[in-house]
Structure formats: C-alpha cells, structure tokens
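Here the structure is laid out as structure tokens; the discussion comes afterwards.
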Amino acid sequence: MAFADNSLDIWTNFLGQNSLLQPLWDNLRLNYQDYVRSPLFPVVLTVSSYFIFCIPYLICDIMGDRWPWVQQFKIQPSYRPTASSLLHCTGVTLYNHVFLVLPASVAQWLWRPPADLPDQAPRLIELIVGVIGNLLLFDFQYFIWHLLHHRIRWLYITFHAIHHKYSSPFALATQCLGGWELVTVGFWTTLNPVVLKSHLLTTWVFMLVHVYVSVEDHCGYDFPWSTSRLIPFGIYGGPSKHDVHHQKPSTNFAPHFSHWDKIFGTHADFSFCNDMK
Numbered sequence: 001m002a003f004a005d006n007s008l009d010i011w012t013n014f015l016g017q018n019s020l021l022q023p024l025w026d027n028l029r030l031n032y033q034d035y036v037r038s039p040l041f042p043v044v045l046t047v048s049s050y051f052i053f054c055i056p057y058l059i060c061d062i063m064g065d066r067w068p069w070v071q072q073f074k075i076q077p078s079y080r081p082t083a084s085s086l087l088h089c090t091g092v093t094l095y096n097h098v099f100l101v102l103p104a105s106v107a108q109w110l111w112r113p114p115a116d117l118p119d120q121a122p123r124l125i126e127l128i129v130g131v132i133g134n135l136l137l138f139d140f141q142y143f144i145w146h147l148l149h150h151r152i153r154w155l156y157i158t159f160h161a162i163h164h165k166y167s168s169p170f171a172l173a174t175q176c177l178g179g180w181e182l183v184t185v186g187f188w189t190t191l192n193p194v195v196l197k198s199h200l201l202t203t204w205v206f207m208l209v210h211v212y213v214s215v216e217d218h219c220g221y222d223f224p225w226s227t228s229r230l231i232p233f234g235i236y237g238g239p240s241k242h243d244v245h246h247q248k249p250s251t252n253f254a255p256h257f258s259h260w261d262k263i264f265g266t267h268a269d270f271s272f273c274n275d276m277k
C-alpha cells in the first residue's frame, strides 16, 4: 500500500511541476512571438496538421492490397475511396478554408489585437486537464448540433448531407463539410478555450488533438493503437463507432466520447451493422 502511495506521489509531483513545459513555452514566445501571436496562427496550425494527419491513412488507401498487413484493420474491406472522391473532398475542404475560414480570420486580425503571451507555461497536469475539458465540452456541443441536423430534415439536407455522401468514411472525408458546419465547428474550437480560460499552449494542443482524433474517427481503419483501444471501458468512440454512424446515421452522434449516445439511447457498436446486413 505504501508503494502505491509513493508511486502516486511521484506522478502527482511530476505532473504538477512548473518547469516541464517552460523551455518549450519560452522558445515559442521568445523566438516565434510574431507568428504565434497572430490570429492566423490557429488556422495555419489546424489546416496544416489536418493534411499531415491525413497523409498516413491516404497512403494506406492508395497501397490497398499491396499492404495486406494494413488492410486487415480496414473496417469495411470491400470499400476504398476512389481518386474522384479524394479529389472531391480535398476540393470542398480547400474551398471552405479559402472562402470562409481565411476571410473570417483576416477580419479577426483587423479588429482583434494580437494575443498576449504570458511568461509562465501551464503545468503539465493543467494542460492535460484543459485538453480533456475542451474535448468534453466540444463533445456535448457537437452531439446536440449533430443530433438536430439528423432529426430536422431541412437542416440535414441543407447543411449536413454532404458529409454523408460516403457511407464508408476515409481520412480526407473528415472535413468534407458544408460551410455552415465548418464555421460552427471552428467557432466552438476557438471559443471553448476562452470559456474555460485555457492557457494558449493548452489551446493549441487541444486543437491539434481535436484535429487528430477527428481524422482518426473517419480514417476507416481500426488499428491496435487507435485512441478508442488505448482508452479503456468503452469511454471513447473511435473509428469503428463513427463508421457505424456513416452506415446507420441514426446512431453514434457524439464526435469523440460515447457517454451521450449511451444516455440518449443512440449508441451502437460495429456488430450492429453486421446484424443489419
């Protein structure tokens, strides 16, 4: 028992240290101050990371049967994205960012002063708790939004139907969204850290994690290292459950975690789709 208590104390002290993230933060605020203070920085960060995170899954799709050791993890083995579908999703994503996100960011740049950079970095435990808190808040917001856009036909046809063009999702389909949906998602991911009073470093890490898990949810592969397999007790949804949503759109509305779908009775496992076939 004493060993367990000592181990807990060691981890608590490690996570609570003020110095762990300070060198990284000092490097960013002292050497890249003009870049990271710009309102355009979050846009560049999320857009560039999105395409970077998509690349490994895109390579897996292109290689196909030439990589059988990868294809064994394909959720729907008989479906692969075509060149036209990849180009379509890339075109929609670039169009939305060029004609919606970028103008909004430039407008923000004109009226909003550059962000102040605090001298102190967040403690590691503060960063971890902040990222989880932002993910949980976004999960609730998007669950309600997503549910309404499936239950109200006009909202679905007008804004959300484009995302369900593909019943077998793939990485580049993640941001194949209507402009209204992309703006809404961007609004929440920008506003939530302000509401939760997150440190800027926490905010950027949250944005990166959010982009990654969103791409992973749509990748079409359920690898052993998928987030849903690393987080125990079925707390996290992951690619298999989001794949179910694209096959059976009346289920699994939450973007990340599974508790809201379980509470509202819209949760379904991948076996559910197999039973429907």
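Quick note on numbering: the UniProt record's numbering labels position 125 of the sequence shown as 125, and the sequence is numbered without any gaps.
Each residue gets a CB set at the ideal place from its N, CA and C atoms; glycine is no exception.
Remember, predicted model here, so these are calculated numbers, not experimental data.
Query: Here's the rule: buried if 16 or more other CB atoms are within 10 angstroms of the residue's CB, otherwise exposed. What is PHE170?; Result: buried
Query: Evaluate contact between the region 138–145 and the region 250–261, counting only Cβ atoms and requiring at least three cross-stretch pairs below 8 Å.; Result: yes
Query: Just the Cα atoms here: how many angstroms apart are SER84 and ASN31?; Result: 42 Å
Query: Is TYR221 helix, strand or coil when you go by DSSP?; Result: strand
Query: In angstroms, rounded to a whole number, what distance separates the CA positions of TRP154 and PHE187?; Result: 22 Å
Query: With a threshold of 16 other CB atoms inside 10 Å of the CB of ASP61, please say whether the residue is buried or exposed.; Result: buried
Query: Alpha carbon to alpha carbon, how far is PRO81 from ASP217?; Result: 16 Å
Query: Return the CA-CA distance between GLY91 and ASP34, expressed in angstroms with no decimal places.; Result: 31 Å
Query: According to DSSP, what are the bridge partners of TYR236?; Result: PHE257
Query: Among the residues of its own chain, which have a CB less than 7 Å from the CB of LEU28, if the five just before and after it don't count?; Result: VAL36
Query: Evaluate VAL194 with the Cβ neighbour count: other Cβ atoms within 10 Å of its Cβ, from every protein chain shown; 16 or more gives buried, anything less gives exposed.; Result: exposed
Query: What are the partner residues of LYS197, as DSSP defines its beta bridges?; Result: According to DSSP, LYS197 bridges with nothing at all.
Query: What does DSSP give as the partner residue(s) for LYS74 in the beta ladder?; Result: TYR221
Query: PHE159: buried (16+ other C-beta within 10 angstroms of its C-beta) or exposed?; Result: buried
Query: Exposed or buried, TRP204, counting other C-beta atoms within 10 Å across all chains shown (16 or more means buried)?; Result: buried
Query: Drop a sphere of 10 angstroms on the beta-carbon of ILE235, count the other beta-carbons inside from all chains shown, and report buried for 16 or more, exposed for fewer.; Result: exposed
Query: Could you say if the region 48–57 and the region 197–216 meet the contact criterion of at least three C-beta pairs nearer than 8 Å?; Result: yes
Query: Tell me which residues share the same chain as SER105 and place their Cβ nearer than 7 Å to its Cβ, disregarding the 5 neighbours each side in the sequence.; Result: PRO39, LEU40, VAL43
Query: For PRO23, decide whether its Cβ has a neighbour in chain B, counting only Cβ atoms nearer than 8 Å.; Result: Checking the listed chains, one finds no chain B in this structure; it contains a single protein chain.
Query: Between which two residues does the alpha helix (DSSP H) holding PRO42 run?; Result: 41–63
Query: Taking buried to mean at least 16 other C-beta atoms within 10 Å of its own C-beta, is PRO239 buried or exposed?; Result: buried
Query: In whole angstroms, what separates the C-alpha of ASP139 from that of PHE257?; Result: 7 Å
Query: Have a look at ALA268, HIS267, VAL185 and flag the residue whose alpha-carbon is nearest the alpha-carbon of LEU100.; Result: VAL185
Query: Using 10 angstroms around the beta-carbon of GLN72, count the other beta-carbons present and answer buried if the total reaches 16, otherwise exposed.; Result: exposed
Query: Please work out which residues of its chain come closer than 7 Å, Cβ to Cβ, to residue 316, disregarding the five sequence neighbours upstream and downstream, and give them in chain order.; Result: The requested residue 316 is not part of the displayed model; the chain covers only 1 to 277.
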